[in-house]
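Q:
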Amino acid sequence: MRNVLQITAPVALLALAGSLFGGGFYLQPGNPEASPEARKLNAVVTVQSAGCVKPDATKISATAIGTVNGERREIPLKLEPLSTAGMFALAQQWPKQGRWVIRLEAINGSLFTSLLMSAGPDGVDRYHDKSAHQQFSTADIEAMLR
Numbered sequence: 113m114r115n116v117l118q119i120t121a122p123v124a125l126l127a128l129a130g131s132l133f134g135g136g137f138y139l140q141p142g143n144p145e146a147s148p149e150a151r152k153l154n155a156v157v158t159v160q161s162a163g164c165v166k167p168d169a170t171k172i173s174a175t176a177i178g179t180v181n182g183e184r185r186e187i188p189l190k191l192e193p194l195s196t197a198g199m200f201a202l203a204q205q206w207p208k209q210g211r212w213v214i215r216l217e218a219i220n221g222s223l224f225t226s227l228l229m230s231a232g233p234d235g236v237d238r239y240h241d242k243s244a245h246q247q248f249s250t251a252d253i254e255a256m257l258r
């Protein structure tokens, strides 16, 4: 019996480690200029569902959160699916003035991921995004609006 436990425990730990660290699920912002489809839709950013998931099973929502003339606003955004499974185009649907945070939240099966990107008069900053496997707090969003 002792030999079985010695073999089974390491195998179980390896299986657990593989499920904890393998692949995952995340959203990857991209350059709309790289996609003729996204350019045609006047996209300011593309978003790709990535990781060890079926990309076409991703359900994603987007919201612009910002301040214009001292007034806080939240605007639901429409994402356009592209021909590549799990890829979406986002056109600007929020005012050009003010500072904004684009919040994206996605579900794929039982997996959840979220992404924050800053936006302003110069466009969307897809290079300094923030991602997590939970919803972002109001404090996280406020910090990006400063």
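The opening position of the sequence shown corresponds to residue 113 in the numbering used here, with each subsequent residue numbered one higher. Where a beta carbon is used, it is the ideal one built from N, C-alpha and C, also for glycine.
Decide if the region 153-168 is in contact with the region 231-241; the criterion is three or more beta carbon pairs, one per stretch, under 8 Å apart.
A: Judged by Cβ distances under 8 Å, the region 153-168 makes contact with the region 231-241, as three or more pairs qualify.
Q: Write down the C-beta distance between residue 220 and residue 174 rounded to the nearest angstrom, noting that I regard them as a contact closer than 8 Å.
A: 16 Å between Cβ atoms; not a contact.
Q: What are the boundary residues of the beta strand (DSSP E) that includes residue 237?
A: Counting along the chain, the beta strand (DSSP E) containing residue 237 begins and ends at 235-244.
Q: Are at least three pairs of beta-carbons, each pair with one atom in the region 140-154 and one in the region 194-207, less than 8 Å apart?
A: Short answer: they touch.
Q: Cutting at 6 Å between CB atoms, please list the residues of its own chain near residue 206, excluding the five before and the five after it.
A: If we look at residue 206 and ignore the five residues flanking it on each side, its Cβ neighbours are 176, 187 and 212.
Q: In chain order, what residues of the same chain have a beta carbon less than 8 Å from the beta carbon of residue 253, not counting five sequence neighbours either side?
A: Cβ within range, chain order: 177, 213, 215 and 228.
Q: Just to confirm, are residue 165 and residue 137 a CB contact at a threshold of 8 Å?
A: Against a cut-off of 8 Å, the Cβ pair of residue 137 and residue 165 comes out as a contact.
Q: Find the nearest neighbour of residue 139 within the set 153, 152, 151 and 162, judged by alpha-carbon distance.
A: Among 153, 152, 151 and 162, the Cα nearest to that of residue 139 belongs to 162.
Q: Please identify the residue among 247, 192, 191 and 152 whose C-alpha is closest to the C-alpha of residue 226.
A: Here the closest residue by C-alpha is 247.
Q: For residue 204, which residues in the same chain have their Cβ closer than 7 Å to its Cβ, ignoring the five residues on either side in sequence?
A: Same-chain partners within the cutoff: 156.
Q: For residue 153, which of 191, 142 and 185 has the nearest alpha-carbon?
A: It is 191 whose Cα lies nearest to the Cα of residue 153.
Q: Which class does residue 151 belong to by DSSP, given the choice of helix, strand or coil?
A: Helix, per DSSP.
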